[in-house]
Ligand SMILES: NC(=O)c1ccc[n+]([C@@H]2O[C@H](COP(=O)([O-])OP(=O)(O)OC[C@H]3O[C@@H](n4cnc5c(N)ncnc54)[C@H](OP(=O)(O)O)[C@@H]3O)[C@@H](O)[C@H]2O)c1
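In this note's numbering, the protein residues as written are 2 to 295.
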């Protein structure tokens with residue numbers, strides 16, 4: 002069996018990866034609740050602990066699901082963000098190189114400025130505007146610099162087990178007849194399970210490099226909210242508002258990208274893996290989570 006170290010095992014993607022790979026007899030997950038090991042949530046900022054775990058496990062792969070993901074709070078925590086989103090992946094890359102492991106690292110649409118007018122490929126220039134985006138891009142660069150065999154996958158609008166937009170909308174529906182949701186920010190809602198499926202696809206291959214990985218199709222937040230309520234059988238009304246109007250109601254600290262649609266170009270060019278359409282992935286997630294009216 003091949004050992005795999007999963008970091009950030011309590012996060013949305015960490016849980017999805019544990020569920021998917023934990024059931025695969027080819028792999029033994031280290032740092033996993035699912036297979037009975039203690040998930041110690043290995044602190045990826047501690048290079049000594051990272052190296053010690055890797056030397057002991059001699060992993061086939063390290064899957065980095067850990068990150069600082071609170072985009073607004075990040076604006077006032079620059080050092081901590083660099084530690085978790087840049088130094089952390091650097092440490093994992095150093096450990097991967099030393100032990101001959103493959104490294105899977107997850108990045109974000111926030112590495113782009115957010116002002117594009119067409120879906121963004123892996124070949125488009127980056128230009129992050131937020132602390133979160135700046136530090137995640139630094140993490141990508143460290144992985145490229147220190148790891149020999151890596152997959153960097155940029156994803157967006159992720160939801161799974163954890164804090165996310167779907168759960169926020171369902172919670173608001175309990176107490177509100179109507180909600181105001183932004184309608185001028187575009188992206189592709191992506192289920193953690195779909196991203197985990199793509200990681201499982203790439204993992205055994207030697208098809209290394211940078212990938213965009215989101216569900217197919219795109220939308221804006223207010224239409225996403227409407228679809229959540231439709232599947233949940235809620236009558237909550239969605240009032241679409243502009244980002245400008247919304248930030249008057251709820252001030253945001255970090256700038257939000259207006260256009261975050263990622264084109265899974267490298268997946269299309271180099272693999273036969275197809276991501277599910279976001280509607281289908283959302284239906285599956287809501288049904289499996291018990292949120293669906295059906
Ligand atoms: N969520 C999104 O919409 C989104 C969009 C684009 C890209 N991404 C990327 O996708 C990946 C997975 O995101 P997610 O939504 O699954 O994140 P998440 O639910 O916030 O989980 C991140 C996990 O990382 C852990 N963590 C934080 N600092 C750590 C450290 N120093 N060492 C080890 N673990 C640490 C957190 O633990 P604690 O909770 O204990 O701090 C948490 O369990 C991340 O790389 C993220 O940047 C996410």
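No residue lacks a Cβ here, since even glycine has one placed at the ideal position from N, Cα and C.
> So, using beta-carbon positions, are residue 6 and residue 63 closer together than 8 Å?
Replying inline: yes
> Just the Cα atoms here: how many angstroms apart are residue 100 and residue 73?
Replying inline: 36 Å
> By how many angstroms is the C-alpha of residue 227 removed from the C-alpha of residue 243?
Replying inline: 16 Å
> Residue ranges of each alpha helix (DSSP H) run of no fewer than 4 residues wholly in the stretch 227 to 293, ordered along the chain?
Replying inline: 244 to 250, 266 to 271, 279 to 289
> Going by C-alpha distance, which of 137, 200, 169, 153 is nearest residue 75?
Replying inline: 137
> Any idea which residues DSSP pairs residue 65 with across the strands?
Replying inline: 8, 106
> From residue 11 to residue 164, what distance separates their C-alpha atoms?
Replying inline: Cα to Cα, the separation comes out at about 11 Å.
>> To the nearest angstrom, how far is the alpha carbon of residue 189 from that of residue 262?
In response: 6 Å
>> Shorter than 7 Å, the distance from the beta carbon of residue 279 to the closest heavy atom of ligand 1, or not?
In response: No.
> Ordered along the chain, which non-local residues of its own chain (more than five positions away) have a Cβ less than 6 Å from that of residue 167?
Replying inline: Counting only Cβ-Cβ distances below 6 Å, and skipping sequence neighbours, we find 160, 229.
>> Could you compute how far the alpha carbon of residue 37 sits from the alpha carbon of residue 126?
In response: Note that residue 37 scores 46 on pLDDT, short of 50, meaning its location in the model is unreliable and no value can be drawn from it.
> Is residue 94 closer than 8 Å to residue 152 when the C-beta atoms are compared?
Replying inline: no
> Excluding sequence positions up to five away, which residues of its chain have a Cβ less than 6 Å from the Cβ of residue 215?
Replying inline: These residues qualify, in order along the chain: 156, 157, 189, 191, 263.
> Taking Cβ positions, are residue 180 and residue 173 nearer each other than 8 Å?
Replying inline: yes
>> Please report the straight-line C-alpha distance between residue 44 and residue 16, rounded to a whole angstrom.
In response: Near 17 Å, if we compare the C-alpha coordinates of residue 16 and residue 44.
> Using CA coordinates, which residue listed in 208, 130, 24, 280 is at the minimum distance from residue 255?
Replying inline: When each option's Cα is compared against that of residue 255, the closest is 130.
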